[in-house]
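J.: In case it helps, this note's numbering puts the sequence shown at residues 10 to 405.
By construction, the Cβ of each residue, glycine as well, lies at the ideal position given by its N, Cα and C atoms.
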Amino acid sequence: MPDVLALACEPISCVRIAFIGLGKRGKESIHHFMHMQGVVITAVCDLNEENLHFARCLLASHGKALPCEYRRADDWREVCRREDIDLVYVCTNRECHTEIALYAMAQGKHVALEVPAANTVAECWALVDAAEATRRHCMMLENCCYDWFELTVLHMIRQGVLGEVFHVEGSYVHDLRHLNFDERLSYHRLWQMEGNPYPTHGLGPVCQALGIHRGDRMAWLTSVSGGQFNYPTLSQPLPPEAFTLGNINTTIIKTARNKTILLQHDISSPRPYTRRYLISATEGFAQKGAPHVLTLAAQPDATTDELLKHYEPPLAKEVGELARRVGTHGGMDFMMDYRLIYCLQHGLPLDMDVYDAAEWSCIIELSARSVASGSQPVEIPDFTRGRWQKLQPVHR
Ligand SMILES: NC(=O)c1ccc[n+]([C@@H]2O[C@H](COP(=O)([O-])OP(=O)(O)OC[C@H]3O[C@@H](n4cnc5c(N)ncnc54)[C@H](O)[C@@H]3O)[C@@H](O)[C@H]2O)c1
């Protein structure tokens, strides 16, 4: 099967979108499209009447045509079959992302999927196979690749000013103990999983920095989970089977070109929110934080702020202000959606392709396998089937 590396499809002057899932994430995202030209929300689908009502009111308040509404559990199939849709935007619980994406692509639609795109290695392969067979885009909505600092550092890497990146670190640390391990809430089933059940926020931006499947590939990992302590702060006593996830998971990944990735996940300890992003390179160093740190060997006197300003990427210059004003998560979510629509409208390859979705999502199963085997190394599949050196990094 021919690959879909750098897949370019026919430009779509007006992108017609169907939203499936209008919970927390769906509501945040649909809002962005009210501020873009050449976009129509054709259909919305959710099990919850209040969420449909929200979408209806939002579109009406922006003077947009009202979308067709769908409310039954399997209505998403009918939505995907509609002829007046170009992009299916999936914000349901993670359990059904892959199933919906496969069906949507089979109906000739492009898909954008909330994170994670898939829960198992088999699902990852199914997404790759379907994208290759249908020649449709399948993008995972990894918004953390679009935060200002990450975008700027990536821009610098792609301009060559940081030299060669040889080690990176990423994490998702979010104290979610207040959710009381409740499976009915967001963050579905995370507590019952092992390994790193939510790797993509930490992994996506650092994989882009390393040029994964754009000259390098993740070869193998080893993973360790620790802790399972009682939580005196919980409002209800915790049944023993309530969670199998340890307090913290640490995964180390080695690439084919001898680079290293350190990835962490922690959602159950009293630790400040951190999405770690650390880049060690031969000519400089970058670390997201408060404050950020950015150094360049070639400009030892330049401050972090001066470097950030000097290397601001074109996307942030173009829509950064609007993104900060209307976008969630400080604006990065808007920048991602804006860029997705821009690429579809101009017939460009997307910044994140189906191989990214598979590579970043497969760590869920592989880290769990390593933990279960006493941290034995586990091979990471090459979803490009040997073509990981064909592409150069994307410029944006
Ligand atoms: N990128 C991020 O920053 C970020 C943050 C939080 C969550 N997420 C991801 O986003 C996804 C959604 O999370 P959320 O917090 O919005 O969850 P949520 O529970 O608030 O929303 C999920 C919605 O999907 C709907 N749904 C479920 N099954 C459906 C079906 N068969 N047909 C139509 N609608 C259906 C539900 O009614 C609900 O409204 C998850 O996969 C999660 O991992 C991403």
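(1) Using a Cβ-Cβ cut-off of 9 Å, state whether R223 counts as contacting chain B.
(2) Is the separation between the beta-carbon of R34 and that of D184 shorter than 9 Å?
(3) Kindly provide the ranges of any alpha helix (DSSP H) runs that are 4 or more residues long and lie completely inside the region 207-240, ordered along the chain.
(4) Pull up the distance between the alpha-carbon of P358 and that of I262, whole angstroms please.
(5) Might you give, ordered along the chain, the residues of its own chain that have their beta carbon closer than 8 Å to the beta carbon of G172, omitting 5 neighbours on each side?
(6) What residue from A131, T51, L31 and T101 has the CA that sits closest to D93's CA?
(7) Within the present structure, is the beta-carbon of L150 separated from the nearest heavy atom of ligand 1 by less than 8 Å?
(8) Roughly how many whole angstroms lie between the Cα atoms of P323 and Y98?
(9) Note down, in chain order, each residue of its chain lying with its Cβ closer than 6 Å to the Cβ of L317, except the 5 sequence neighbours on either side.
(10) Let's test the definition: count the other Cβ atoms within 10 Å of the Cβ of L136 and tell me whether it reaches 16, buried, or not, exposed.
(11) Whose CA, out of G47, L96 and Q46, lies closest to the CA of C9?
(12) What do you reckon, is the C-beta of P125 under 8 Å from a heavy atom of ligand 1?
(13) Which two residues bound the contiguous beta strand (DSSP E) that contains Q116?
(14) Curious, which full-length alpha helix (DSSP H) runs of at least 4 residues does the region 309-366 contain?
(15) Going by DSSP, what residue range makes up the beta strand (DSSP E) through V380?
(16) May I have the straight-line CA-CA distance separating R405 from H164, to the nearest angstrom?
(17) Which residues does DSSP list as the beta-bridge partners of S180?
(18) One question on the structure: do A381 and G204 come within less than 9 Å of each other, judged by their Cβ atoms?
(19) Which residues in the same chain as E123 place their Cβ atom closer than 7 Å to its Cβ, once the five residues preceding and following it in sequence are excluded?
(20) Is it a yes or a no for the region 103-120 touching the region 37-55, going by three-plus beta-carbon pairs under 8 Å?
(21) Which same chain residues end up closer than 6 Å to R333 when comparing Cβ atoms and leaving out the 5 residues on each side of it in sequence?
(22) I'd like to check one pair, D84 with C417: are the Cβ atoms closer than 9 Å?
T.: For this structure:
(1) Structure shown: chain B not included; a single protein chain is present.
(2) Along the sequence shown, one-based indexing puts residue 34 at 25. Along the sequence shown, one-based indexing puts residue 184 at 175. Contact: no.
(3) 209-219
(4) Residue numbering aside, residue 358 sits at position 349 when the sequence shown is read from its first letter. Residue numbering aside, residue 262 sits at position 253 when the sequence shown is read from its first letter. For P358 and I262, the distance between alpha carbons rounds to 27 Å.
(5) Indexing the sequence shown from 1 puts residue 172 at position 163. Counting only Cβ-Cβ distances below 8 Å, and skipping sequence neighbours, we find A290, T291, E292, G293 and A306.
(6) Residue 93 sits at position 84 when you count from the first residue of the sequence shown. Of the listed residues, the one whose Cα sits closest to D93 is T51.
(7) Here residue 150 refers to the residue found at position 141 of the sequence shown. The answer is yes for L150.
(8) Position 314 of the sequence shown, counted from the first residue, corresponds to residue 323. Position 89 of the sequence shown, counted from the first residue, corresponds to residue 98. Distance between the alpha carbons of P323 and Y98 is about 25 Å.
(9) The residue you call residue 317 lines up with position 308 of the sequence shown. For L317, where only same-chain residues beyond five positions count, the Cβ hits under 6 Å are T161.
(10) Taking the sequence shown and counting its residues from 1, one reaches residue 136 at position 127. Buried.
(11) Nothing can be reported for residue 9, as the shown portion of the chain is limited to 10 through 405.
(12) Position 116 of the sequence shown, counting from 1, holds the residue named residue 125. Between ligand 1 and P125, a heavy atom-to-CB distance of less than 8 Å is present.
(13) The count along the sequence shown starts at 1 and reaches residue 116 at position 107. No beta strand (DSSP E) contains Q116, which DSSP labels as neither H nor E.
(14) 313-319, 323-335 and 341-355
(15) Residue 380 sits at position 371 when you count from the first residue of the sequence shown. Segment I372 to A381 is the alpha helix (DSSP H) holding V380; no beta strand (DSSP E) there.
(16) Your numbering for residue 405 matches position 396 in the sequence shown. Your numbering for residue 164 matches position 155 in the sequence shown. For R405, the predicted model reports a pLDDT of 44, less than 50, meaning its position is unreliable; a value from the coordinates is still stated below. The alpha-carbon atoms of R405 and H164 are separated by roughly 8 Å.
(17) Sequence index remark: in the sequence shown, residue 180 carries index 171 (1-based). Within the DSSP secondary-structure output, S180 pairs in a beta bridge with Q273.
(18) The sequence position of residue 381 within the sequence shown is 372, counting from 1. The sequence position of residue 204 within the sequence shown is 195, counting from 1. Yes, the Cβ-Cβ distance between A381 and G204 is below 9 Å.
(19) In the sequence shown, the residue the question calls residue 123 occupies position 114. Same-chain partners within the cutoff: R34, V99, C100, H106 and L150.
(20) no
(21) The residue labelled residue 333 in the question sits at position 324 within the sequence shown. Excluding positions up to five away in sequence, the list reads G340.
(22) Within the shown structure, residues of the chain are numbered from 10 to 405, placing residue 417 beyond reach of any answer.
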